[in-house]
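In mature numbering (1 follows the signal peptide of the UniProt record, and there is no 0), the protein residues as written are -22 to -1, 1 to 358.
From the three backbone atoms N, C-alpha and C, an ideal C-beta is built for every residue, glycine too.
All values reported here derive from a predicted model rather than from experimental measurement.
Quick notes on the structure that follows.
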Amino acid sequence: MQIKLNVVVGAVAALLSGAAMSQDLVVKIGHVGPTSGAIAHLGKDNELGARLAIEELNAKGVMIGGKKAKFELLAEDDAGDPKQGTAAAQKLVDSKVNGVVGHLNSGTSIPASKVYSDAGIPQISPSATNPKFTRNGYKTTFRVVADDVHLGGTLGKYSVAQLKGKSIAVIDDRTAYGQGVADEFEKGVKGAGGKVVGREFTNDKATDFTAILTSLKGKKPDVVFFGGMDAVAGPMLRQMKQLGIEAKFMGGDGICTGELPKLAAGTMGDGQVVCAEAGGVEGEAKKSMDDFKAKFKAKFNVEVQIYAPYVYDAVNVMAAAMAKAGSADPAKYLPVLAKTEGYKGVTGTIAFDNKGDIKNGALTLYTYKGGAREQLAVVR
């Protein structure tokens, strides 16, 4: 009789446990970035930021609409390619994700944003800086970093006012990001009274820049700006050294990574490179970023490249909107997400304007010394 009773009690406990588990609300968060190809180190950095956020949300036991939320990450690789990016976006839509954080590149984020908009699924990019990303009128599109108008324009003015550039050359990789940030840089230079002596272009898979650098060398530039990513900037710096071009080298967030010195193979002089990250914290807020980087290193045994903290914040902002709305249904929490104000993240305070852009976005200017990034200033 005792054995039978134990069996019955055990069965009831199992049923109750199963019933409790069935009450959990499964929330699917999609992440897309280039986890293969030349900038896979940046895509993997972003994905790890998402994984850390998801893990912590589940440990906290976030409640949404009276149910304990179980967050799941659906990660896709877009290889930095627009076609693969839209295919990845459609795959996430078909998987009925509740929200998406990504993509990394502007060139993939912009076409993917239509796919998410058509499905009514909120998308927060942690790193797409081309202004067009939030200019299509989609209510589902957000970003947690400043755009290229701010970033490129600030670097352009800095090249003239602070670096005292007299003859400035501009190169871009013809991607939505690279060309866009180079265009804004050129406007910033001219607005500050500077002179652009040459404009050249390459592509995001190129490795030989002899022709364009030789052409620019004859114009004796004292500053060379490159709109593109670190995988191209590294070899470009090596070839500048080989050709005897002793100019300052500038770029946006795409080159402002921990990997750049390695890709340049020891050819960067101290203080030669000046770049900007489309985000930044200072004062008391800096501690939260430093704490995040330490936690990230302890968890994954790698250093933060650049945008993992912004991915982490984007996931948490999305989850906070769901909790406040009492629903993970995109149609129900989207209006709450759009009205985000004063969210204290590791990257600073997050609020969105009516286009989905972050309000009062900051930039951090960096240089490199001894193979390590060194902060110059935070600019708003």
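If contacts are defined as beta-carbon pairs under 8 Å, then Asp2 and Lys48 qualify, I think. What distance do you get, rounded to the angstrom? For the purposes of this step, residue 2 is taken as the residue at position 24 of the sequence shown. For the purposes of this step, residue 48 is taken as the residue at position 70 of the sequence shown. With 8 Å as the limit, Asp2 and Lys48 qualify as a contact, their Cβ atoms being about 5 Å apart.
Cutoff 8 Å: Asn83 Cβ touching any chain B Cβ: Absent here is chain B; the protein component of the structure consists of one chain.
Assigned exposure category for Met207 - 16 Cβ within 10 Å defines buried: In the sequence shown, the residue the question calls residue 207 occupies position 229. Counting C-beta atoms within 10 angstroms of its own C-beta, Met207 has 16 or more neighbours from the protein chains shown and is therefore classed as buried.
Secondary structure of Gly319, DSSP reduced to three states: If you number the sequence shown from 1, residue 319 lands on position 341. With the sequence shown as reference, residue 319 is identified as Glu, and Gly is not the correct amino acid for it. Glu319: coil per DSSP, three-state reduction.
Residue from Gln220, Tyr290, Asp151, Ala256 whose Cα sits closest to the Cα of Thr235: Looking up residue 235 in the sequence shown gives position 257. Closest by C-alpha distance to Thr235, out of Gln220, Tyr290, Asp151, Ala256, is Ala256.
Excluding the 5 residues preceding and the 5 following Thr192 in the sequence, name in chain order all residues of the same chain whose CB lies nearer than 7 Å to its CB. The residue given as residue 192 occupies position 214 in the sequence shown. Leu221.
In this structure, how does DSSP classify Leu215 when only helix, strand and coil are distinguished? Taking the first residue of the sequence shown as 1, we reach residue 215 at position 237. Leu215 falls in the helix class under three-state DSSP.
Going along the chain, which unbroken runs of the beta strand (DSSP E) with 3 or more residues stay wholly within the stretch 101 to 125? Within the stretch 101 to 125, the runs of beta strand (DSSP E) at least 3 residues long that lie entirely inside it are, in chain order, 101 to 103, 119 to 121.
Neighbourhood of Arg152 by C-beta distance below 7 Å, restricted to the same chain and skipping five residues each side: As a first step, residue 152 must be located in the sequence shown, where it is residue number 174. For Arg152, the CB contacts under 7 Å within the same chain, skipping 5 residues up- and downstream, are Phe179, Asn181 in chain order.
Give the C-beta separation of Gly27 and Pro239 to the nearest angstrom, bearing in mind that I take them to be a contact with Cβ-Cβ under 8 Å. By 1-based counting over the sequence shown, the position of residue 27 is 49. By 1-based counting over the sequence shown, the position of residue 239 is 261. With a Cβ gap of about 22 Å, Gly27 and Pro239 do not count as contacting.
Taking the DSSP output, what are the residues bridged to Arg177? Counting from one through the sequence shown, the residue named residue 177 turns up at place 199. Paired residue(s): Val148.
Please determine, among Pro313, Val314, Ala329, the residue with the shortest C-alpha to C-alpha distance to Gly320. Taking the sequence shown and counting its residues from 1, the one referred to as residue 320 is at position 342. When only C-alpha atoms are compared, the closest one is Ala329.
Given that a residue counts as buried once 16 or more other Cβ atoms are within 10 Å of its Cβ, and exposed if not, what is Thr188? Against the sequence shown, residue 188 aligns to sequence position 210. It is exposed - the Cβ of Thr188 has fewer than 16 other Cβ atoms within 10 Å.
Whole angstroms are fine: how far does the CA of Val127 sit from the CA of Gly339? Position 361 of the sequence shown, counted from the first residue, corresponds to residue 339. Position 149 of the sequence shown, counted from the first residue, corresponds to residue 127. CA-CA distance, Gly339 to Val127, rounds to 11 Å.
Can you name the residues that DSSP bridges to Met41? As a working note, residue 41 is residue 63 in the sequence shown. Note: Met41 sits in a beta bridge opposite Lys46.
Looking at C-beta atoms only, is the number of pairs between the stretch 19 to 39 and the stretch 278 to 292 that lie closer than 8 Å three or more? yes
Tell me which same chain residues have a C-beta within less than 6 Å of the C-beta of Pro213, skipping the five on either side of it? Residue 213 sits at position 235 when you count from the first residue of the sequence shown. Beyond the five residues adjoining it in sequence on each side, Pro213 comes within less than 6 Å, by CB distance, of Thr185 in the same chain, given in chain order.
When the Cα of Thr13 is compared with those of Asn279, Asp59, Lys38, which residue comes out closest? Here the question's residue 13 lines up with position 35 in the sequence shown. The option with the nearest alpha carbon to Thr13 is Asp59.
Taking DSSP as the reference, what is the three-state secondary structure of Ala340? For the purposes of this step, residue 340 is taken as residue 362 along the sequence shown, with counting starting at 1. Note: Ala340 maps to coil in three-state DSSP.
When you compare only the Cα positions, how much space is there between Asp269 and Leu129? Locating residue 269 in the sequence shown gives position 291, where the first residue counts as 1. Locating residue 129 in the sequence shown gives position 151, where the first residue counts as 1. Distance between the alpha carbons of Asp269 and Leu129 is about 26 Å.
According to DSSP, is Gly63 helix, strand or coil? Counting from one through the sequence shown, the residue named residue 63 turns up at place 85. Helix at Gly63.
For a quick check, are the C-beta atoms of Lys219 and Thr245 less than 8 Å apart? As a position in the sequence shown, residue 219 is number 241, starting the count at 1. As a position in the sequence shown, residue 245 is number 267, starting the count at 1. Result yes, Cβ atoms of Lys219 and Thr245 sit closer than 8 Å.
Can you look up residue 361 in the DSSP assignment and give me helix, strand or coil? Nothing can be reported for residue 361, as the shown portion of the chain is limited to -22 through 358.
So what's Ile190 in DSSP terms, helix, strand or just coil? Residue numbering aside, residue 190 sits at position 212 when the sequence shown is read from its first letter. Residue state, collapsed to three classes: helix.
Report yes if the CB atom of Val201 is closer than 8 Å to the CB atom of Ala225, and no otherwise. As a first step, residue 201 is located in the sequence shown; it is residue number 223 there, counting from the start. As a first step, residue 225 is located in the sequence shown; it is residue number 247 there, counting from the start. Using a Cβ distance threshold of 8 Å, Val201 and Ala225 count as a contacting pair.
Whose CA, out of Leu82, Val40, Leu35, lies closest to the CA of Glu54? For the purposes of this step, residue 54 is identified with residue 76 of the sequence shown, where counting begins at 1. It is Leu82 whose Cα lies nearest to the Cα of Glu54.
For the stretch 222 to 306, which segments carrying the beta strand (DSSP E) assignment without a break, of at least 3 residues, lie completely within its bounds, in sequence order? 226 to 229, 251 to 255
According to DSSP, Ile328 sits in a beta bridge with which residue or residues? Counted from its first residue, the sequence shown places residue 328 at position 350. In DSSP, Ile328 forms a bridge with Tyr321.
What span of residues does the alpha helix (DSSP H) with Gly58 cover, start to end? For the purposes of this step, residue 58 is taken as residue 80 along the sequence shown, with counting starting at 1. That residue, Gly58, is in no alpha helix (DSSP H); it is neither H nor E in DSSP.
With burial defined as no fewer than 16 other Cβ atoms inside 10 Å of the residue's Cβ, what is the status of residue 367: buried or exposed? No answer is possible for residue 367: it lies beyond the span of the chain, which begins at -22 and ends at 358.
Quick one: what's residue 360 bridged to in DSSP? This structure leaves residue 360 out entirely; the chain is present only between -22 and 358.
Between Lys45 and Val4, what straight-line distance do the alpha-carbon atoms span, to the nearest angstrom? Residue numbering aside, residue 45 sits at position 67 when the sequence shown is read from its first letter. Residue numbering aside, residue 4 sits at position 26 when the sequence shown is read from its first letter. Answer to the nearest angstrom: the Cα atoms are 10 Å apart.
C-alpha gap between Val324 and Asn108, whole angstroms: Within the sequence shown, the letter at position 346 stands for residue 324. Within the sequence shown, the letter at position 130 stands for residue 108. So the two alpha carbons sit approximately 23 Å from each other.
Contacts around Ser91, its chain only, beta-carbon distance under 7 Å, and the 5 residues preceding and following it disregarded: Taking the sequence shown and counting its residues from 1, one reaches residue 91 at position 113. Answer for Ser91: Gln101, Phe111, Asn114, Tyr116, Thr119, listed in chain order.
Tell me the DSSP secondary structure of Thr345 in three-state form. The count along the sequence shown starts at 1 and reaches residue 345 at position 367. Looking at Thr345 - three-state DSSP - the assignment turns out to be strand.
Where Val71 sits in the DSSP three-state scheme: Start at 1 with the first residue of the sequence shown, and residue 71 comes out as number 93. Here Val71 sits in helix by DSSP.
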